[in-house]
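K.L.:
FYI, the numbering used here numbers position 27 of the sequence shown as 30, with every residue one higher than the one before it.
Cβ coordinates follow ideal geometry from the N, Cα and C atoms, glycine included.
The structure that follows is given in the form of structure tokens.
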Amino acid sequence: MRIVLATGNRHKASELGPMLGAGAEVDVAPDGFEVDETGTTLIQNALLKAWALRPEVPPDQLVVADDTGLEVHALGGRPGVYSARYAGPGATFADNNRLLLHELDGIEDRRAAFVCVLVAVNGDGEVTAGCGICPGDIATAPRGEGGFGYDPVFIPRGMDRSMAELTPEQKNAISHRGRAARVLATALGIAE
Ligand code: ITT
4 MRIVLATGNR
14 HKASELGPML
24 GAGAEVDVAP
34 DGFEVDETGT
44 TLIQNALLKA
54 WALRPEVPPD
64 QLVVADDTGL
74 EVHALGGRPG
84 VYSARYAGPG
94 ATFADNNRLL
104 LHELDGIEDR
114 RAAFVCVLVA
124 VNGDGEVTAG
134 CGICPGDIAT
144 APRGEGGFGY
154 DPVFIPRGMD
164 RSMAELTPEQ
174 KNAISHRGRA
184 ARVLATALGI
194 AE
């Protein structure tokens, strides 16, 4: 089976490639692929991305899209579906992390979770979905150079290191995306 990833985020693609690649060949969307994420839920946005790419991909290939959010307990679940634009349009990962640490300044409850929804749409328009959650806590300062996005400020539950201090293999083993990818791969019959 051949999979094309409907993402413009090269970090996501480099994580999903090996995880879905055991039973499939994985390609990424053409450069510049971007979709207006107008949905109000992760699954709506994942489907918007998958359907945007579907007409560009041959029917015997599968389109897979990812939408992910960081849900912070003390912020009532924000930034959630708006995680990419938390600090405003065009926000960098560093801008978002700065705002998050600022909003949580002095707040003791640091509980949070990454939530990842993956959808696959085949050439007949049939949809398969997988979801994965990674619980943890927001750190008080960024740590580590690995991963991307909120990884430097996220400490997975039961660990004393940030997600950005893990190797790619360690991150994939416990991450929201790793969990969602294993559910999706099993549902599609392409699991290792
Ligand atoms: P695509 O829509 O093109 O796939 P995106 O970066 O816009 O890429 P999302 O809409 O899912 O992705 O936005 C989620 C944001 O959450 C993303 O920009 C990162 O800041 C963050 N994020 C997603 N996955 C993450 C991960 O594994 N670790 C840390 N932060 C992550």
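(1) Going by the CB atoms, is the gap between V84 and N48 shorter than 8 Å?
(2) Go to R182, then tell me how far its alpha helix (DSSP H) extends in each direction, as first and last residue.
(3) State yes or no: is the C-beta of S17 nearer than 7 Å to some heavy atom of the ligand ITT?
(4) Okay, do the stretch 101-112 and the stretch 18-33 touch, 3+ Cβ pairs below 8 Å being the bar?
(5) Measuring alpha carbon to alpha carbon, tell me which residue in A87, A77 and H14 is nearest A39.
(6) Closest to P159 by C-alpha separation, out of E111, D112, A123 and A116, would be which residue?
(7) Count the other CB atoms within 10 Å of the CB of T41; is the residue buried (16 or more) or exposed (fewer)?
(8) With a CB to CB cut of under 7 Å and the five nearest residues on each side skipped, what residues in its chain are close to H76?
P.N.:
So, to answer that:
(1) yes
(2) H179 to L191
(3) no
(4) no
(5) Reading the sequence as shown, one finds Asp at residue 39 and not Ala. Checking every option, the nearest Cα to that of D39 belongs to A87.
(6) A116
(7) exposed
(8) D112, R114 and A115
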